[in-house]
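Just so you know, we're using our numbering here: the sequence shown kicks off at 46 and counts up by one. C-beta atoms are modelled at their ideal positions from N, C-alpha and C, and glycine is treated no differently. See below for the structure under consideration.
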Amino acid sequence: MRQNPDYALEDLAGIKELIRAHPWCIFVANTPAGLIASHYPVMLEESDDDELVLLSHVGRPDEVKLGLGGDGESGELLAIVQGPHGYISPSWYGYRPNVPTWNFATAHLYGVPEVLSDAENLAVLHRLVEHFESPLPDPHLLDATEENSEYAQRIVRGTVGFRMRITRLEAKEKMNQDKPAESVRNIIEQLRAPGPYSSPALADRMERVNTEKLSTEKLNTEKLEGPA
46 MRQNPDYALE DLAGIKELIR AHPWCIFVAN TPAGLIASHY PVMLEESDDD
96 ELVLLSHVGR PDEVKLGLGG DGESGELLAI VQGPHGYISP SWYGYRPNVP
146 TWNFATAHLY GVPEVLSDAE NLAVLHRLVE HFESPLPDPH LLDATEENSE
196 YAQRIVRGTV GFRMRITRLE AKEKMNQDKP AESVRNIIEQ LRAPGPYSSP
246 ALADRMERVN TEKLSTEKLN TEKLEGPA
């Protein structure tokens with residue numbers, strides 16, 4: 046991923062937030078058969094230190110395709126997490142000349158996966174289901190009933206869980222940080238308005254990333270206008 050200092054996402058806490066908010070992950074492996082990609086949910090192994098560790102699982106036989114050896118022979122995986130993204134029209138900048146672009150937030154995470162035992166895998170599956178079910182009024186947890194627990198014991202054998210300690214990463218957040226505040230404000234308004242490229246989630250992220258710039262613009266405007 047080509048880096049640009051204007052768009053660099055280097056804050057580990059910010060990268061973790063991106064993963065928590067957008068846990069649908071693409072895992073890419075470079076295998077003897079060529080590049081292989083699979084899509085699975087991911088969680089963070091929460092800790093107080095500065096490490097970044099992912100927990101996930103794949104359905105059999107994807108572990109073979111991705112080279113997840115249970116004998117410690119697993120190769121490096123690339124995990125791609127992507128936040129809100131969308132098309133930005135040059136007509137939204139408020140000045141010319143300009144060109145269209147695409148705003149996005151993404152992280153490329155590299156590491157060698159450690160295959161979990163069935164017991165560890167089941168524990169991770171419990172956490173994963175609890176994580177996604179807990180906001181619902183009637184959470185359907187794996188251990189909600191004896192029947193659920195028995196079913197979970199059966200399905201765990203059809204999955205392979207793994208822990209992936211991130212050894213290197215690249216993260217980028219392109220939210221028009223290099224544009225004037227007035228243009229950023231207009232782009233946010235266009236993304237919130239009805240239309241073919243409406244994206245309220247992207248607008249919210251743009252506003253958060255450009256908070257300081259937009260706050261300064263508002264303060265300067267109030268100074269120019271003076272007291273009411």
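Bounds of the alpha helix (DSSP H) holding LYS61 are 57-66. According to the DSSP assignment, ALA150 belongs to the beta strand (DSSP E) that extends over 146-156.
Non-local beta-carbon contacts of GLY120 in its own chain, meaning distances under 6 angstroms to residues more than five positions away in sequence, involve GLY112 in chain order. DSSP places GLY203 within a helical segment (H, G or I) once states are collapsed to three. The alpha carbon of ALA124 has as its nearest neighbour, out of PRO135, GLY156, TYR138, the alpha carbon of GLY156. Contact annotation, VAL98 with LEU89: C-beta distance approximately 7 angstroms; criterion of less than 8 angstroms satisfied. The DSSP assignment places 98-104, 122-127, 131-133 as complete runs of the beta strand (DSSP E) inside the stretch 94-150, in order along the chain (cut-off: 3 residues). From the listed residues HIS67, ILE233, PRO241, SER194, the smallest Cα separation to THR256 is found for ILE233.
Just so you know, the alpha carbons of VAL254 and MET220 end up roughly 7 angstroms apart. Between the stretch 224-239 and the stretch 171-181, the count of C-beta pairs closer than 8 angstroms stays below three; the two stretches do not touch. Membership of GLU90 in any alpha helix (DSSP H) is not indicated, and neither H nor E is assigned to it by DSSP.
For secondary structure counted as the beta strand (DSSP E) over 3 or more consecutive residues, the stretch 212-272 holds these complete runs in sequence order: 213-219.
ARG237 and LEU170 have their alpha carbons spaced roughly 36 angstroms apart.
Here VAL126 is near CYS70, since their CB atoms are less than 7 angstroms apart. Of all C-beta pairs linking the stretch 205-224 to the stretch 145-155, three or more are shorter than 8 angstroms, placing the two stretches in contact.
In this structure GLU96 is not in contact with ALA150, their Cβ atoms being roughly 21 angstroms apart against a cut-off of 8 angstroms.
Distance from the CA atom of LYS61 to the CA atom of SER83, rounded to whole angstroms, is 21 angstroms. It is roughly 44 angstroms from the alpha-carbon of ASP56 to the alpha-carbon of GLU192.
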